[in-house]
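In our numbering, the protein residues as written are 5 to 1089. Ideal placement from N, C-alpha and C gives every residue a C-beta, glycine not left out. Note that the structure is predicted; figures quoted are calculated from it, not measured.
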């Protein structure tokens, strides 16, 4: 026979187990078929869930009734009793430990911590008010209307359990109808707070802490606080370990899942073993996880495993507790049991409604979207579930006075759980639909229609392209078009019912459309941050900060997050720099020039002046010399005996002074190095954040056409994004100026990461085509992953190269020694102070400037791209154009190529150092290395314009400069005025006007740079003095690489035409001369 602690229902003082079925095993206990019962339950639950897809509560109700029937059979049959006996002798706390960890972890993992953090105090208040109302009202109802004579302790424990809201089922019905995640997270956050608090209270009761004779209220409150704090610390520590496991590059998916699930249970058991709450520890683990905590694509797999386990666990629990109820005496199941259950159901919903009424003013103040309709929906969210059921047996186990019918505790909890799952879930969804909360707003409907229209255009273009294939000539294209037509019904608002055909006619204000677009922009930006992180461009810490900042600013109506908002969100480097300066100043004896006085406090300035004066230093030396006198007294026996205490005090003082001075000499340099490392980390993080923000702005600009079709809204969005991007680029320049060595190291690391990522992509392609077999692919993949992992130890700072090395960074020099040596002999160093003008708009160019360090801002009218003024007056806005140039950028390339006036004014934003190549030296290089050098500069310009304006169209093209030169993937064509060019769509995939303008000779439609010519254009004619076209060829390796003559002749032919035009224009309009800059120049070594 089992001992006292091995049964489902346990007496604290008992000597034998009291089983709920009413009789212990009067037979020899042997291994039965309980495992078969478990497997059969899982299979039956799976079949029922497949048949009843949209009614999970029906599945649980059927399994509960089935369990009750099995329990009744076990009550009357020894053979069935043998099967269920392992369940009956299992302690209820063991079931709680078996099943609850996985489910609470899954619930917490689905909560967005950034959203919950913004409304944490509101959620905490809802939870506390709910607990208070539950204690008062539900406890009173239990004592007043229950006829089973429960004592006060049992009534309190029962009211606590019934007051728990299930974090899984409370939001399931809302998730399926598209309700805002903010409200689902509020409901889940509140339910997890209540579950965590209840688990701690039950843990206190289990530990007999309340029965200690020295019991005081202060000790109870202190113990609860320590339990909560300890659980949070335990959960956070374990979350770091789990994240390390899940992000390990060398771990496979199966291993990661097994270790993740094992660590979940380990975290729970560690918390429970040390007297803390394992539930709060797992909530902390789940909240610390986000999409960036996993390797790419592993999050979906782990989530599916968690959903599978949670579903199976719930089916087993409801079946098991149905068996436990059925094993009890049926004489206690009376009509009053049903009445009392209905009273409890009504009371639970009333308490929930009262709680929402009390906290609604606070929610309205915290969230501008909250209103009375949301209050009605949330009032139905008090759904009870698995956690209430798992803790229900502890009411009897922890009660001082035992009752004759303990199975009623489970019956009431299970009945209320099933009733709230069915009725409350339906009422939540029905209320949301009826009140129009799940309907799509008019601006959102317009955005969806734009997206559908865009997808339909892609489908139509695909069909048009397929029609040209010979293999598909016999296809019934009418049927294809009919079957691929998208018919999507947008949910309409009952309060604002507008037909889809009339959406465009609605008089929506621009503010409403921009607010809707703002939320779309935030979603696009967060997707961009996550993609950059998965691609290795952005660090996990930087991506997480950017996503958190975006979510923090989302609730602020009309607020578009700028880089300054992000900087305010994370900036902490200013105090580090001041602290480093203070430490450095303490080493004034090495270099007094390093000390700089800060602030305007006269007293502090006076103290600093005294302390760092030579007189103060001499005084220190004098005090050191004075120590000779007590040393002499110590050597004189009579004087030593008379002044023992004084000599000891003086000796201690001087020894402490010398030890302190020696320690400071050792500690200060160490602290300076530590602070310097932290400053570099902060600079690297800020640069990575700012770079990721710039990329997200670029990604968003490519998609804003799909957000809103109204031109005014599109224009305003574009201006906001462009302004934010420009501010971010300025920040990049300032950060680079502040820490050049850190930025160089970061850029180098990112370049290595991108190259390895490209190699991995190529390896995957070769592997999928069978060129590399599985074993070789796995081994090569490990090599690349090892290189990626080695980047974690990459140096934090790399010294900047010498000025002459920067010539290697000029793309069109192609790192060729002959070209570099040619310009190295002629290039000069130019230095500019803050505010100096490098070049002015309208002035003739002096040469090109390759920025070595510093930042410059370019002010100009919108770029003309060589378009005649008669055509230019009809396009673009008249606002000023602003751009920032930092290290590695070149100023003056296009002006020197054209020998025309500079179109912008370049002003130094910081102290700037640049490598200057004069116009005379540049054209001398054109003559010496004619004709390829000038053509390559034009090619570099054309590629940069193409990617700047048409990145989305060229995303699948690999148009690196060196590849375009070597393999002729793209080349530049030149058209002068009235010259014509034929476009062959077979050999020309894209034709992009990057400078000048052309006209379609057939339709006479003008095309102005920058522009991609449509496929319908067959022949064009130049309408500007000079037009440049970038021709992108199809990616056909055989055609591009097997005929090098074509490649060379194309490049030379283009350069010859450019050269002839250039010389003609030069002789007619422009003498080769310029004025030297006033800045100091030093010839490069």
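Short of 8 angstroms in beta carbon distance, which residues of its chain neighbour residue i, apart from the five on each side in sequence? Order them along the chain.
i, result
"residue 201", "131 and 135"
"residue 1015", "996 and 997"
"residue 744", "804, 857 and 891"
"residue 906", "843, 844, 845, 846, 847, 848, 849, 896 and 899"
"residue 1057", "Confidence is the limiting factor: at residue 1057 the pLDDT is only 36, short of 50, which leaves the residue's position unreliable and the question unanswerable from this model."
"residue 245", "267"
"residue 793", "253 and 254"
Pull up the CB-CB distance for residue i and residue j, whole angstroms please, since I reckon it's below 8 angstroms.
i, j, result
"residue 852", "residue 921", "5 angstroms"
"residue 208", "residue 227", "7 angstroms"
"residue 896", "residue 827", "That pair is no contact at about 15 angstroms."
"residue 519", "residue 561", "7 angstroms"
"residue 999", "residue 1031", "6 angstroms"
"residue 381", "residue 435", "5 angstroms"
"residue 172", "residue 107", "6 angstroms"
"residue 525", "residue 564", "7 angstroms"
"residue 91", "residue 149", "Contact doesn't hold; Cβ gap of about 32 angstroms is too wide."
"residue 760", "residue 791", "6 angstroms"
Output needed for residue i: all residues of its chain with C-beta closer than 7 angstroms, excluding positions within five of it in sequence on either side, in chain order.
i, result
"residue 542", "533, 536, 692 and 696"
"residue 647", "637"
"residue 168", "198, 199, 202, 388, 391 and 392"
"residue 528", "703, 704 and 707"
"residue 159", "143, 146 and 147"
"residue 689", "545 and 546"
Exposed or buried, residue i, counting other C-beta atoms within 10 Å across all chains shown (16 or more means buried)?
i, result
"residue 82", "exposed"
"residue 1077", "Residue confidence for residue 1077 is low, a pLDDT of 33 falling below 50, so the modelled location carries little weight; the figure read from the coordinates is stated next. It counts as exposed."
"residue 728", "buried"
"residue 361", "exposed"
"residue 1049", "Only weak support is given to the placement of residue 1049: the predicted model assigns it a pLDDT of 31, under 50, and the question is left unresolved by the model."
"residue 481", "exposed"
"residue 247", "buried"
"residue 51", "exposed"
"residue 216", "Caution applies to residue 216, whose pLDDT of 48 falls short of 50 and renders its modelled position unreliable; the model cannot decide the point."
"residue 283", "buried"
"residue 400", "buried"
"residue 288", "buried"
"residue 290", "buried"
"residue 721", "buried"
"residue 68", "buried"
"residue 442", "buried"
"residue 415", "buried"
"residue 1075", "Because residue 1075 sits at a pLDDT of 37, beneath the cut-off of 50, its placement in the model cannot be relied upon, and the following sentence gives the value as read from the coordinates. Its Cβ having fewer than 16 others within 10 Å, residue 1075 is exposed."
"residue 138", "buried"
"residue 753", "buried"
"residue 156", "exposed"
Going by DSSP, name the residue or residues bridged to residue i.
i, result
"residue 851", "922"
"residue 264", "According to DSSP, residue 264 bridges with nothing at all."
"residue 1023", "986"
"residue 917", "835 and 857"
"residue 969", "Residue 969 is not bridged to any residue."
"residue 976", "1034"
"residue 864", "885"
"residue 1012", "1001"
What does a CB cutoff of less than 6 angstroms around residue i pick up in its chain, not counting 5 residues either side in sequence?
i, result
"residue 940", "816"
"residue 812", "819"
"residue 992", "1035"
"residue 196", "171 and 287"
"residue 643", "637"
Using a Cβ cut-off of 8 angstroms (strictly closer), state whether residue i contacts chain B.
i, result
"residue 248", "Absent from the structure is chain B; it holds one protein chain and no more."
message: Give the list of continuous alpha helix (DSSP H) stretches no shorter than 4 residues that lie fully inside the segment 528-577.
response: 544-557 and 567-574
Minimum length 4: unbroken alpha helix (DSSP H) runs contained in the segment 149-223: 156-166, 173-179 and 185-210
task: Enumerate, from N- to C-terminal direction, the unbroken beta strand (DSSP E) stretches of 3 or more residues contained entirely within the segment 637-707.
output: none
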